[in-house]
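Residues 1 to 363, numbered by the UniProt record's numbering, are exactly what the sequence shown covers, in order.
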Amino acid sequence: MQLGARVLKTGVAIVFALFLADILKLPSPVFAGIAAIFAIQPSIYRSYLTIVEQIQGNLIGAIVAILFGLSFGHHIVAIGIAAILVIGIMLKLKLQSSLSLALVTLVAIMEYESGDFLEFSVIRFLTVMVGVFAAFIVNMVFLPPRYEVKLFKNIQSLQDDIIRWTRLAIRGASEHVSTKNALSKFEKRLSEIESMYVLFKEERQYTKKKRKSQMRKLVVYRQMITTTKKSFELLARLHKHENEIVHLPETFRTMLQERLDFLLTYHEQLLLKYTGKLRPEHSKWTVDKKHLNRSEVMERLIEQIAIEKRREGEEEFSSYHLFYIFSRILDYEENLEHLDTLIVSFRNFHSKDRNEDLEEQFY
């Protein structure tokens with residue numbers, strides 16, 4: 001089992017919360033530890049939002065606990081009714097994420113039956129808040145989340161797999177069931193990449209220059225993900241029409257293979273370009289003389305469809321599947337060009353803003 005940064009930070013946050021509670025001589029420091037568990041978040045920005053919501057939630061829980069404790073005593077039925085009221089208020093205010101800790105605060109206060117109830121309530125509330133702030137401090141200082149390297153690694157790994165399967169599919173070498181299973185896994189990985197992009201988007205920069213660079217990076221990564229989606233859609237279309245592709249004329253199928261090999265290699269080079277591994281002369285979209293340009297490819301497509309139509313005669317014209325395949329290819333190609341433009345622009349305007357960890361860990 002692999003222990004991630006969030007698991008380690010949770011343990012550190014619990015220890016730090018208990019340590020602070022002990023230094024402040026707060027009774028029942030265990031509640032600080034419990035609060036720290038709820039307050040750990042995957043990003044600093046979410047941790048900040050959590051503090052704001054936890055303060056509101058804990059205030060609601062503490063106020064309701066005090067009112068019910070003073071009015072109805074500490075009977076277990078009163079605690080249950082108070083919990084229902086807190087849940088209703090929290091849902092009304094859309095503070096669901098802080099609901100659990102608010103209920104912990106409520107029970108922690110209402111279970112006390114002797115002495116100065118108001119003083120005890122304030123101490124319990126402060127104990128819980130110590131845990132929340134301890135988690136926030138740990139989240140900022142101890143292994144602060146940096147999602148760019150993880151995001152790029154996931155995109156690059158998924159894209160390599162898609163490229164490998166696409167090259168097999170266009171040559172009719174992939175096994176049908178295996179390709180279907182791979183497509184299902186790729187779809188899940190795309191969803192994980194989308195979630196990680198959201199976390200990367202939440203990372204905050206505190207200087208104007210850094211904020212501008214971060215905004216450009218977000219645009220580049222958004223296009224990286226979109227282009228990966230287009231390559232996935234292309235692979236899915238090749239898989240769906242694998243039988244039709246196999247029966248295409250040899251010359252047309254060869255042209256299709258060469259075109260895709262060219263685009264897939266171009267995609268690999270773009271990822272290299274973003275990490276600064278590609279030479280400057282490869283900074284523009286170029287088509288080698290031995291490769292057909294886009295208009296020539298379309299002419300070949302139209303000619304092949306006309307041939308297929310004449311060959312099929314009065315039978316249902318099934319060669320329209322070529323349109324679906326080439327629409328995916330053209331869509332993929334256009335997104336590659338756009339990604340190239342964005343990467344070149346970013347490297348030109350933010351050449352000094354380099355992520356050394358990213359450049360060192362890849363290729």
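Think of the CB as a built atom: it goes at the ideal place given N, C-alpha and C, for glycine as much as any other residue. Small disclaimer: the values here were computed from a predicted structure and weren't measured.
From what residue to what residue does the alpha helix (DSSP H) around residue i run?
i, result
"His176", "176-201"
"Glu111", "Where Glu111 is concerned, there is no enclosing alpha helix (DSSP H), given that its DSSP letter is neither H nor E."
"His267", "250-274"
"Arg124", "117-141"
"Leu168", "147-170"
"Ala173", "Element bounds for Ala173: n/a, residue is neither H nor E."
"Ile34", "30-39"
Mark residue i as exposed unless 16 or more other C-beta atoms lie within 10 angstroms of its C-beta, in which case mark it buried.
i, result
"Ser231", "buried"
"Phe31", "buried"
"Pro42", "buried"
"Tyr324", "exposed"
"Lys9", "buried"
"Leu91", "exposed"
"Asp22", "exposed"
"Glu333", "buried"
"Ala83", "buried"
"Val138", "buried"
"His176", "exposed"
"Thr254", "exposed"
"Lys217", "buried"
Could you tell me the distance, in whole angstroms, from the CA atom of residue i to the CA atom of residue j?
i, j, result
"Ile76", "Tyr112", "12 Å"
"Phe346", "Ala108", "53 Å"
"Ala17", "Phe152", "34 Å"
"Ile329", "Tyr274", "23 Å"
"Ala62", "Tyr45", "26 Å"
"Ser178", "Lys185", "11 Å"
"Val64", "Asn154", "46 Å"
"Thr265", "Asp160", "10 Å"
"Val246", "Ile163", "19 Å"
"Ile81", "Arg6", "35 Å"
"Trp165", "Leu235", "8 Å"
"Leu342", "Glu194", "19 Å"
"Glu314", "Pro249", "Unreliable positioning characterises Glu314 in this predicted model, as indicated by a pLDDT of 44, which lies under 50. The coordinate reading is nonetheless provided below. Each residue's Cα considered, the two are about 20 Å apart."
"Gln214", "His241", "41 Å"
"Phe68", "Phe133", "27 Å"
"Thr228", "Ser191", "12 Å"
"Arg146", "Leu238", "36 Å"
"residue 366", "Leu263", "With the chain covering 1 to 363 only, the question about residue 366 has no answer from this structure."
"Arg124", "Leu24", "12 Å"
Quick check on DSSP: helix, strand or coil for residue i?
i, result
"Gly73", "coil"
"Leu67", "helix"
"Gly61", "helix"
"Ser47", "helix"
"Leu26", "coil"
"Leu85", "helix"
Suppose the cutoff is 7 Å on Cβ atoms and the five residues either side in sequence are ignored; what does the same chain contact list for residue i look like?
i, result
"Phe120", "Tyr112"
For residue i, which residues from the same chain have a beta carbon less than 8 Å from its beta carbon, with the 5 sequence-adjacent residues on both sides left out?
i, result
"Glu53", "Leu95, Ser97, Ser98"
Who are the near neighbours of residue i in its chain, counting only those whose CB is closer than 6 Å to its CB and skipping five residues on each side?
i, result
"residue 365", "Missing from the structure shown is residue 365; the chain here goes from 1 to 363 and no further."
"Ala36", "Ala13, Ile14, Ala17, Gly131, Ala134, Ala135"
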